[in-house]
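**Student:**
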Amino acid sequence: MSNRSIVVLAIIGLVLIVLSNTLYIIKETERAVLLEFGRLVESDIKPGLHIKKPLINEVRKFDARILTVDAAPEEFLNAEKKGMSVDSFVKWRIIDVGKYYTATNGEEVRAARLIAQRANEGLRNQFGKRTLHEVVSGERDQLMHELVDTLNKLTQGELGVEIIDVRVKRIDLPDRVSGAVFDRMRTGREREAREHRSKGIEQAEVIRADADRKRTVIEAEAYRDSEKIRGEGDAKATAIYSSAYNRDPEFYSFVRSLTAYKAAFKDKGDMMIVDPESDFFKYLKSSTAK
Numbered sequence: 001m002s003n004r005s006i007v008v009l010a011i012i013g014l015v016l017i018v019l020s021n022t023l024y025i026i027k028e029t030e031r032a033v034l035l036e037f038g039r040l041v042e043s044d045i046k047p048g049l050h051i052k053k054p055l056i057n058e059v060r061k062f063d064a065r066i067l068t069v070d071a072a073p074e075e076f077l078n079a080e081k082k083g084m085s086v087d088s089f090v091k092w093r094i095i096d097v098g099k100y101y102t103a104t105n106g107e108e109v110r111a112a113r114l115i116a117q118r119a120n121e122g123l124r125n126q127f128g129k130r131t132l133h134e135v136v137s138g139e140r141d142q143l144m145h146e147l148v149d150t151l152n153k154l155t156q157g158e159l160g161v162e163i164i165d166v167r168v169k170r171i172d173l174p175d176r177v178s179g180a181v182f183d184r185m186r187t188g189r190e191r192e193a194r195e196h197r198s199k200g201i202e203q204a205e206v207i208r209a210d211a212d213r214k215r216t217v218i219e220a221e222a223y224r225d226s227e228k229i230r231g232e233g234d235a236k237a238t239a240i241y242s243s244a245y246n247r248d249p250e251f252y253s254f255v256r257s258l259t260a261y262k263a264a265f266k267d268k269g270d271m272m273i274v275d276p277e278s279d280f281f282k283y284l285k286s287s288t289a290k
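Structural data, given as structure tokens:
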């Protein structure tokens with residue numbers, strides 16, 4: 001390779017190095033500032049291809065998307081002076097790149113720490129004005145809206161960032177009081193269970209007594225009706241027997257004797273000692289009684 005070729009290649013390499021240090025690209029998902037010897041000269045560079053002075057200018061790029069600060073759980077006091085552990089997170093994004101760089105030196109970790117501090121202060125103030133019930137259910141949305149508005153007034157002016165949303169992931173009682181609270185809850189539930197159980201036993205006794213009374217009444221009425229029917233049947237049977245006897249007393253006496261014979265000689269092992277001349281055998285001697 002000739003000396004001329006080497007010189008050409010060196011020139012081309014030098015041009016490429018200069019171009020690589022002169023041209024830079026800002027993506028749609030980025031925000032950037034331009035520095036000159038560490039001094040801010042352009043605070044909000046738009047997305048696209050740009051030119052800078054090599055070795056003089058420096059470009060700092062930042063994420064322009066919505067970011068999340070997952071704050072560590074903090075303990076707050078509510079309006080009832082009861083402590084609670086609150087776990088929350090914050091959604092934010094950069095809106096003023098120059099102010100953001102000046103306040104945080106472009107360090108996302110530092111920005112997240114400052115946002116978390118201000119969010120915790122806002123939560124402490126909001127929780128201090130409300131009861132536990134209001135915080136958990138009644139006024140939770142209102143609390144978040146007020147907090148977002150308050151934080152935006154601070155962060156937009158101080159940090160150049162916008163707070164999109166603040167949400168509470170979890171609310172717990174502190175470990176030192178949760179045991180006592182759970183014990184009180186358990187005692188209350190056991191007391192309610194005993195009350196329900198005693199009421200159930202009382203109602204069961206009332207139902208059982210009413211059922212026993214109804215059973216006694218039903219049995220008495222059934223016995224009364226059965227005796228009435230039995231009496232009527234006996235009366236009819238007596239009337240039938242009397243009518244039959246009046247029509248043919250001899251035949252009635254004969255049937256009665258057959259019934260007595262059948263009952264007396266039902267079992268083969270039965271033994272009777274009776275005078276053969278007694279009236280019991282009168283129909284065995286003759287078809288007509290004498």
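The numbers in the UniProt record's numbering rise by one with no breaks, and the one at position 122 of the sequence shown is 122. The beta-carbon is built from N, C-alpha and C at its ideal position, and this holds for glycine as well.
Distance check for N125 and A103, CA to CA, integer angstroms please.
**Tutor:** Spanning the two alpha carbons is a distance of roughly 24 Å.
**Student:** Tell me, please, which residues DSSP counts as bridged to N125.
**Tutor:** Paired residue(s): none; N125 is not in a bridge.
**Student:** Quick check on M84: buried or exposed, where buried means 16 or more other Cβ atoms within 10 Å of its Cβ?
**Tutor:** With 16 or more other Cβ atoms within 10 Å, it is buried.
**Student:** Return the first residue and the last residue of the beta strand (DSSP E) that T68 is part of.
**Tutor:** It spans L67 to D70 - the beta strand (DSSP E) in which T68 sits, taken as one unbroken run.
**Student:** Quick check on this structure: which residue in D172, H145, M144 and A237 has the alpha carbon closest to the alpha carbon of L77?
**Tutor:** Among D172, H145, M144 and A237, the Cα nearest to that of L77 belongs to D172.
**Student:** Starting from R130, trace the alpha helix (DSSP H) in both directions and tell me its first and last residue.
**Tutor:** Where R130 is concerned, there is no enclosing alpha helix (DSSP H), given that its DSSP letter is neither H nor E.
**Student:** Between the alpha carbons of Y223 and G188, how many angstroms are there, rounded?
**Tutor:** Looking at the two C-alpha atoms, the distance is approximately 52 Å.
**Student:** In this structure, what does DSSP give as the bridge partners for L173?
**Tutor:** None, per the DSSP bridge assignment.
**Student:** Between which two residues does the beta strand (DSSP E) harbouring G83 extend?
**Tutor:** Looking at the DSSP string, the run of the beta strand (DSSP E) that includes G83 is G83 to I94.
**Student:** Any beta carbon from chain C within less than 9 Å of K81's own beta carbon?
**Tutor:** Here there is only one protein chain, and chain C is not present.
**Student:** Rounded to the nearest angstrom, what separates A193 and Q156 at their Cα positions?
**Tutor:** Each residue's alpha carbon lies about 55 Å from the other.
**Student:** Quick one: grab the DSSP three-state call for N105.
**Tutor:** If DSSP states are grouped into helix, strand and coil, N105 belongs with coil.
**Student:** Are the CB atoms of L123 and V69 within a distance shorter than 9 Å?
**Tutor:** In this structure, L123 does not lie closer than 9 Å to V69 by Cβ.
**Student:** Give the secondary structure of E190 by DSSP, where H, G and I count as helix, E and B as strand, and everything else as coil.
**Tutor:** In this structure, E190 counts as helix in the three-state DSSP scheme.
**Student:** Could you give the C-beta distance for A119 and V90, rounded to a whole number, given that I count them as a contact under 8 Å?
**Tutor:** About 5 Å separates the two Cβ atoms, so the contact holds.
**Student:** Start and end of the alpha helix (DSSP H) containing L154?
**Tutor:** Segment R140 to E158, the alpha helix (DSSP H) holding L154.
**Student:** Would you mind working out which of F182, L114, S242 and Y24 sits nearest L154, comparing C-alpha positions?
**Tutor:** If we check each option's Cα against that of L154, L114 comes out closest.
**Student:** K61 bridges to which residues according to DSSP?
**Tutor:** The partner list for K61 (beta bridge, DSSP) reads A32.
**Student:** So L132 and E75 are supposed to be a Cβ contact under 8 Å. How far apart are they, rounded?
**Tutor:** So it is not a contact: roughly 14 Å between Cβ atoms.
**Student:** If you reduce the DSSP assignment to three classes, tell me which class L114 lands in.
**Tutor:** L114 falls in the helix class under three-state DSSP.
**Student:** Answer with buried or exposed for K27, where buried requires no fewer than 16 other C-beta atoms within 10 angstroms of its C-beta.
**Tutor:** Answer is exposed; the Cβ neighbour count stays below 16.
**Student:** Is I163 helix, strand or coil when you go by DSSP?
**Tutor:** Reduced to three states, the DSSP call for I163 is strand.
**Student:** Whose C-alpha, out of L49, T22, D141 and A64, is nearest the C-alpha of N57?
**Tutor:** Nearest of L49, T22, D141 and A64 to N57, Cα basis: T22.
**Student:** Taking Cβ to Cβ, would you say V109 is nearer than 9 Å to A32?
**Tutor:** Taking 9 Å as the Cβ cut-off, V109 and A32 do not qualify as a contacting pair.
**Student:** Determine the contact status of L49 and V41, defining contact as a CB-CB distance below 9 Å.
**Tutor:** Not in contact: L49 and V41 (Cβ atoms no closer than 9 Å).
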